[in-house]
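Asks: Pasting a structure here, questions to come.
Protein chains in written order, with our numbering: chain V, 4 to 235; chain S, 109 to 478.
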C-alpha cells in the first residue's frame, strides 16, 4: 500500500499532464498551472528540510572538529549573518523587523542584505563562472591533441571555426574569388556550424526526446520505480 | 422552378462578387485554442492611406490596440479571457481627398476540445507509446532482447572497485535541475543502483543536492538501496545533503568537496549547464575516475573532453533499464529503437518529398494541422 499510492498518484498525474497538453478546454487548460502551483507549495515547505540538512551537516563537522572544520564554521556564520540582516532590515522594498533601516541605508547606500548580495555573492558567482575561461583552454588543449583520425578532424574543424569567427580569418582568405567563396574561412565556419554541427546536435536531441518519452512512460506505468526508493 | 433556381444562383454569385469587393473588417475566435485569442481580418480599398485598430475596454471606450503596417491584413489579439465578448473598431484614413472608413466587429472567445496543431505530436506519441508497450509486453512474455553495451554504465563496477581499494568515497551529483526534470529522475534511478553496489562494497557515497526536493528523494533512494543490500547500519544520512540553490554557489561547494575529500570516482548525471566543465575539470585534476551523462546537448562536449565515460542523451534515460536488467525495462528500450527507426524513415521520406516540391508532410509535422 505504501508503494501503491505513490504509483497510482504518479500514474494519474502523468496521464493528466499528457491529456492537458492536447486539450485546451477547462479543466484541462489550467491543469498544468495548478499542478505547478502545487509543486511550488510543496517545494516551499521542503526548503525547511534543506536548511535543516545544511545546518545539521555543518554543525556535525564543527562539533567533531572534523578536518577543515573552519570552512563549515564560515558557512554557518555567513548563513546566520544573511538571515539576521534580512530579518532585521528586509530586502529591496520589503521592510524588516526594524523597518526600512534608513540610518544603515544612508551609511551603506543599500540595505545590508542587498549590499551583501551585490558585493559578496554576485562577485563570488562571477568568479566561479570566470573559471570557465581557463577550464575551456585546458580542455580544448587536451581535445585538440592529435592522436587519432577523429581528433584530427576535430582539431581541423576547430581551427576553421575559431579562425572563421575572427577578423584574422577573414583577412587570410579574402583573396579567394566570390565564385569559390565556400573556401573563405568565415563561410566555411558557418557551413560547419550550420550543417554538420546542427545535424549532430539534432540527432542527440531527437534520441534524447525519445528517451524522455520512454522514461516517462515507464514511470507513468509504474515499471520504473527506483526513483521512489526501491522496487518492492 | 428551374428558372427560379437559376436566377437565385446568379443573384447569389453576384452578391458574393460584391461582397468580395466590398471592404470588410471581421473578428472571429481563433479555432482549436484555449479561448485566449481572436483573429482580426480586414480588406480595404486601395485609397486607404493608414489605419488603426482599436479595442473596447471594460467601460466600452475604444483604445488603440494595433497600428498595422502597409500590406498587413490580419492580426491576432492574444492573452484574452475565454467566454468573453470583445469589440473592435477599425479606423481607416483615406489619402488626401479620399473617404475615411470606420468598421466595427465583435467576437466571443471559446475554449475548444483539441489543439489541432498538435495532431502530429499526438499521433507520434500514440505510435511510440504503443511500440514501447508492445515491447514491454513481449518482454513480459519472456522474449529476450539484445541491448548494446554502454561502457559508461559498465564502468560503474570499476569505479566502485577503485573507490573501495583506495578507501575513498564516491561523489554523485544528480544535476542542477529540480525534481520535476526527467533527467533528475533518471539520475536518481541510477543513484539507486549505484548506492546498492556501494553498500555491498561498503564504500561511502556523497550526494550533494541543489534543491531540497531532490535532497529528500535522494535520501530515500539511497536509504532504500542500503536496506535492500542488507547494510542499513552503514547508511549515513549526513552524506546526502543540501548545499545551496545558487548555481555557482553549488559548483563552488562541490569543487570544495572534490578538492578536500578527493573522491575516487565522480558521477555527474542529470541536467547540467555552465557548471559542467568546472565540475569535470576539477574532478579530472584530482585523478578521479569520472562518469558523466546529460541530455543537454550543448554540455556534452565538455563532459566528453574531461570525463572517462559519458552517457550521451538517451543513454542517460536508458541507464536505469540497462543496470537493472529488468526484462520489462529492457523491452521498453526496444521501443526507443523503434522510435528512432520511425524518425529515420520520416526524415528520409520528408527529404524526398521536399526535393519533389511536396511539402504537406513537413507542414503537418511542424504543427500546422489547424
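Each residue gets a CB set at the ideal place from its N, CA and C atoms; glycine is no exception.
Quantities reported herein were computed from a predicted structural model and do not represent experimental measurements.
When DSSP builds the beta bridges, which residues end up paired with residue 179 of chain S?
Replies: According to DSSP, residue pairing for residue 179 of chain S in a beta bridge does not occur.
Asks: Would you say residue 6 of chain V faces chain S, with C-beta separation under 8 angstroms as the test?
Replies: No, residue 6 of chain V does not count as interfacial toward chain S.
Asks: For chain V, find out if any of its Cβ atoms is closer than 8 angstroms to the Cβ of residue 220 of chain S; answer yes or no.
Replies: yes
Asks: Near residue 71 of chain V, what residues of its chain come up, given a Cβ to Cβ distance below 7 angstroms and the 5 sequence neighbours on each side ignored?
Replies: none
Asks: Measure the Cβ-Cβ separation of residue 140 of chain S and residue 224 of chain S and say whether it is below 8 angstroms.
Replies: yes
Asks: Go through the stretch 207-259 of chain S residue by residue and report every complete run of the beta strand (DSSP E) that reaches 3 residues or more, in order.
Replies: 209-216
Asks: Residues of chain S with CB under 8 angstroms from residue 167 of chain V, in chain order?
Replies: In chain order: nothing, as chain S lies at least about 18 angstroms away.
Asks: Ignoring anything shorter than 4 residues, give me the alpha helix (DSSP H) runs that lie fully in the stretch 65-139 of chain V, in order along the chain.
Replies: 72-92, 105-111 and 115-119
Asks: Tell me, please, whether the stretch 466-477 of chain S touches the stretch 272-289 of chain S by the rule of three or more beta-carbon pairs shorter than 8 angstroms.
Replies: Judged by Cβ distances under 8 angstroms, the stretch 466-477 of chain S makes no contact with the stretch 272-289 of chain S, as fewer than three pairs qualify.
Asks: Would you check if the distance between the CB atom of residue 327 of chain S and the CB atom of residue 345 of chain S is smaller than 8 angstroms?
Replies: yes
Asks: Counting only Cβ-Cβ distances shorter than 7 angstroms, please list the residues of the stretch 144-174 of chain S near chain V, keeping chain order.
Replies: Flagged: no residues at all.
Asks: Could you name the residues that DSSP lists as bridge partners for residue 195 of chain S?
Replies: S:214
Asks: Can you confirm whether the stretch 317-326 of chain S touches the stretch 288-300 of chain S when touching is taken to mean that 3 or more C-beta pairs between the two stretches lie within less than 8 angstroms?
Replies: yes
Asks: Taking only beta-carbon atoms, is residue 25 of chain V less than 8 angstroms away from chain S?
Replies: yes
Asks: Determine the direct distance from the alpha carbon of residue 87 of chain V to that of residue 80 of chain V, and round the result to whole angstroms.
Replies: Taken atom to atom, the span from the alpha-carbon of residue 80 of chain V to that of residue 87 of chain V is near 10 angstroms.
Asks: Can you grab the Cα-Cα spacing for the pair residue 65 of chain V / residue 116 of chain V, in whole Å?
Replies: 26 angstroms
Asks: According to DSSP, what are the bridge partners of residue 316 of chain S?
Replies: Answer by DSSP bridge pairing, in chain order: S:349.
Asks: According to DSSP, which residues form a beta bridge with residue 184 of chain S?
Replies: S:147
Asks: Residue 364 of chain S to residue 57 of chain V, Cα distance in whole Å?
Replies: 15 angstroms
Asks: Given this structure, state the Cα-to-Cα distance separating residue 166 of chain V from residue 119 of chain V, to the nearest angstrom.
Replies: 42 angstroms
Asks: Could you check the C-alpha separation between residue 133 of chain S and residue 172 of chain S for me, to the nearest Å?
Replies: 16 angstroms
Asks: Check whether chain S comes within 8 angstroms of residue 171 of chain V, counting only Cβ atoms and requiring the distance to be less than that.
Replies: For residue 171 of chain V, the answer is no, since every Cβ of chain S falls outside 8 angstroms of its Cβ.
Asks: For the stretch 212-220 of chain V against the stretch 437-450 of chain S, are there 3 or more C-beta pairs whose distance is under 8 angstroms?
Replies: yes
Asks: To the nearest angstrom, how far is it from the Cα of residue 54 of chain V to the Cα of residue 288 of chain S?
Replies: 20 angstroms
Asks: Can you give me the start and stop residues for the beta strand (DSSP E) that residue 281 of chain S sits inside?
Replies: Residue range 278-281 is occupied by the beta strand (DSSP E) that includes residue 281 of chain S.
Asks: Since residue 221 of chain V meets chain S, which of its residues come closer than 7 angstroms, beta carbon to beta carbon?
Replies: 437 and 440
Asks: Using DSSP's beta-bridge definition, name the partner residues of residue 137 of chain S.
Replies: According to DSSP, residue 137 of chain S bridges with S:146.
Asks: Quick check on residue 237 of chain S: buried or exposed, where buried means 16 or more other Cβ atoms within 10 Å of its Cβ?
Replies: The residue is buried, with at least 16 neighbouring Cβ atoms inside 10 Å.
Asks: Count the other CB atoms, across all protein chains shown, that sit within 10 Å of the CB of residue 447 of chain S; report buried if there are 16 or more and exposed otherwise.
Replies: buried
Asks: What residue does the beta strand (DSSP E) around residue 399 of chain S start on, and which one ends it?
Replies: 397-402
Asks: Assign residue 142 of chain S to buried or exposed, taking buried as 16 or more other Cβ atoms, counted over all protein chains shown, within 10 Å of its Cβ.
Replies: buried
Asks: What first and last residue would you give for the beta strand (DSSP E) that runs through residue 512 of chain S?
Replies: Residue 512 of chain S falls outside the range modelled here, since chain S spans only 109 to 478, and no answer is possible.
Asks: State yes or no: is the C-beta of residue 183 of chain S within less than 8 angstroms of the C-beta of residue 161 of chain S?
Replies: yes
Asks: Mind checking whether residue 175 of chain V and residue 188 of chain V have CB atoms under 8 angstroms apart?
Replies: A distance below 8 angstroms separates the beta carbons of residue 175 of chain V and residue 188 of chain V.
Asks: Can you have a look at residue 182 of chain V and say buried or exposed, based on whether 16 or more other CB atoms are within 10 angstroms of its CB?
Replies: Under this definition residue 182 of chain V is an exposed residue.
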